[in-house]
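Working notes, structure below.
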Ligand code: ATP
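Numbering (our numbering), first residue to last: 2 to 769.
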């Protein structure tokens, strides 16, 4: 039998939320794969110091770490590691402790250090031999440094990955603060300048601008083309003229002008407050957010990213041969991928150099596609009525906006962005209130809905609003009357429709498409932007609102687990929504470390319950109080017709024989969330704009062209590493499980295995 591999994990550089999830995933996955797991405390400092800084980790050592902020194994800035003698000692400590492989989670500095360490490794070993510090026998099995990088940083400053572990948690903190500030800014009609972190990278500032609909944003890699003072005053003045009572300017701490001079919040304040001709005379305040941005527990997205990437890192280590390129783990849209470490380090360096050399085009090109997309989204949704991107009149369209189904976080942000984009392009965006039901009955005596042009000032406030401001309804067009809907579309002379919603919205688009032969007025381009907490719309792996829901569930589970910290021996059986899709149950389970999750795709069998109950009995038998919190089981509301949360909790209680207890808990509509998560808001903006651009491809009055083109009824979605538009016909016929109202293939099923492995859930016999 091959000797056990000894895998160590380290967190380095600035701490970021999610680092503990990385450590938990690496430790448990390593143990699961039959390896020994170690933690190197205090980053590279621990590697250089050796001794107690390198500790063997057991399964239970990382219990409860998913919900802990910062890094529990410590991090430090290590001066010694910058120099070769420091790295020499680190190499010696690795060999003396028998560490075969190292997973390093940190920012661009940490990964640069890792890349250097890897390149130098053979020469470090030679030097240790030459100096007599190690013998040939000692180094025999360490010829190749098996190393994998994970990007943990709140700045999102590493090239090659869309997101770094911790960046969405930091963004959430920022947006939370901006949302608070907006209320007071609006009340007093004030301007606020909010300084956020990001010495070299403007991701946090930019995305906070997108998520909150800020008036102006300053980022290091893309200064304003001309005089920023003039540009900012024009925009703010225009917004004030439109009637805005608040002004929010977000500035990254590393923001510079086109000549490389630092832009200080005080300068911006003076300009906004200036009562003279060039200023705006606004009551202006500065808020520097500082370290609150690092604080707190990781949001759902970061927990998922950290966990999946930690698992992938262990896999990469075990698959590596001496010829394998050293990799780091990245995410591209929705796909976890391995990428060359050297390349990322190189591009990050090039980017910093480009900013330094004021080559801003190059700096932007070195950022990931999502960054450039968001930058453009930001410009087009903020610079209202600038008039410079208007289409010629013959291409300007009248576009109807409609929400269908239950409300989901991000619906309003999507509307706001799409409306702003339309206004800038010269289109006429029209709100259809309360879904198809509202459309069909808005002429009644007691109108359910209304059809009216959007008021920009009203919409501008929607970036962070939960629910659906234009109202939503589950009624399908067939229930409202297809002929009536077709007539109304003709009467209002809509050139296109943007529909935002979940499975009912999907069904609605399908009905409209199929009715085209009968009602030619339905031959207009129709685009569906999926928005539902259930994330069950075919054609996409992500729906707006699902991230908000996961955050609500994660917070709920964290709190409820903590409530058991006094008794410590309690199992909570929590019922989740999600229709006949187990997505939110599974992902929440992954993010909170649930003991088990039950989903409709698998159903619930007696064998399963038996296996999980036995597992719980074992767990509590060996638990001598070391686990501080209660345990959680998640049950989707439609997982079984018989075994619901109450019954499962009852079964567990009965079988616990008073050694532990069990309670059921139903969060219900809390899962739809209050304020949408910044992830949902930012994605809403980006996807909504892409939808309008897609509709623009068809232009005004495109009935004849539309009929022939399958892309004229389409669903926008994130699939793997791409944002794609899939024709409705293809989805209806090939990818939809109509009776269960979900896609035939659940892209997330693989995550169940990971969740099961990391929570130690035994494998039960699969139902036939
Ligand atoms: P953050 O993005 O939060 O700042 P970071 O990983 O970039 O995280 P740094 O302080 O730049 O943080 O780097 C962390 C540690 O990595 C340093 O203290 C040092 O030990 C090591 N390191 C960084 N750059 C190098 C380098 N060029 N050579 C060797 N080691 C380095």
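Built from N, CA and C at the ideal position, the CB exists for glycine as well.
- Beta-bridge pairing by DSSP links residue 195 to 251, 288.
- With a cut-off of 8 Å on Cβ pairs, the segment 349 to 356 is not in contact with the segment 545 to 565, counting fewer than three such pairs.
- Cβ-Cβ distances below 7 Å link residue 524 to 517, 704, 707, 708 in the same chain, with the five nearest sequence neighbours on each side left out; the list follows chain order.
- Inclusion of residue 719 and residue 543 in the CB contact set at 9 Å is warranted, their separation being smaller than that value.
- Relative to the ligand ATP, even the nearest heavy atom lies 8 Å or more away from the CB of residue 528.
- For residue 557, the three-state secondary structure derived from DSSP is helix.
- Taking every protein chain shown into account, the CB of residue 229 has 16 or more other CB atoms within 10 angstroms, so this residue is buried.
- Here residue 584 is buried, its C-beta having at least 16 other C-beta atoms within 10 Å.
- Around the beta carbon of residue 294, a 10 Å sphere encloses 16 or more other beta carbons of the protein chains shown; the residue is thus reported as buried.
- Burial of residue 195 is indicated by the presence of at least 16 other C-beta atoms within 10 angstroms of its C-beta.
- Of the heavy atoms belonging to the ligand ATP, none sits nearer than 8 Å to the Cβ of residue 644.
- Here residue 720 carries a strand assignment [DSSP, helix/strand/coil].
- For residue 215, there is no enclosing alpha helix (DSSP H), as DSSP marks it with neither H nor E.
- Of the candidates 375, 182, 496, 182 places its Cα closest to the Cα of residue 192.
- For residue 37, the uninterrupted beta strand (DSSP E) segment begins and ends at 37 to 41.
- DSSP, reduced to helix, strand and coil, places residue 306 within a helical segment of the structure shown.
- For residue 105, the uninterrupted beta strand (DSSP E) run begins and ends at 102 to 107, by DSSP.
- The beta-bridge partner set that DSSP reports for residue 744 consists of 737.
- In this structure, the C-beta of residue 79 approaches the ligand ATP to less than 8 Å from one of its heavy atoms.
- Within the same chain, and ignoring the five residues on either side of residue 186 in sequence, the residues whose Cβ sits closer than 6 Å to its Cβ are 193, 247.
- Relative to the ligand ATP, residue 160 has its C-beta separated by 8 Å or more from all heavy atoms.
- Sequence-distant partners of residue 743 (beyond 5 residues in either direction) whose C-beta falls short of 6 Å from its own C-beta, in its chain, are 537, 581, 582.
- Closest by C-alpha distance to residue 97, out of 114, 140, 278, is 140.
- Among the bridge pairs identified by DSSP, residue 263 is matched with 257.
- At a cut-off of 8 Å, the beta-carbon of residue 109 counts as near the ligand ATP: some heavy atom of the ligand is closer than that.
- The nearest non-hydrogen atom of the ligand ATP is less than 8 Å from the C-beta of residue 112.
- The segment 3 to 88 is shown to contain whole beta strand (DSSP E) runs of 3 or more residues at 7 to 12, 37 to 41, 55 to 58, in chain order.
- Annotation for residue 513: no beta strand (DSSP E) segment contains it, though the alpha helix (DSSP H) segment containing it runs 504 to 515.
- Take the alpha-carbon of residue 148 and the one of residue 115: they are about 8 Å apart.
- Apart from sequence neighbours up to five positions away, the residues of its chain that approach residue 206 with a beta-carbon distance below 6 Å are 197, 199, 218, 220, 251, 253, ordered along the chain.
- For the set 700, 736, 692, 751, the Cα lying nearest the Cα of residue 724 is the one of 692.
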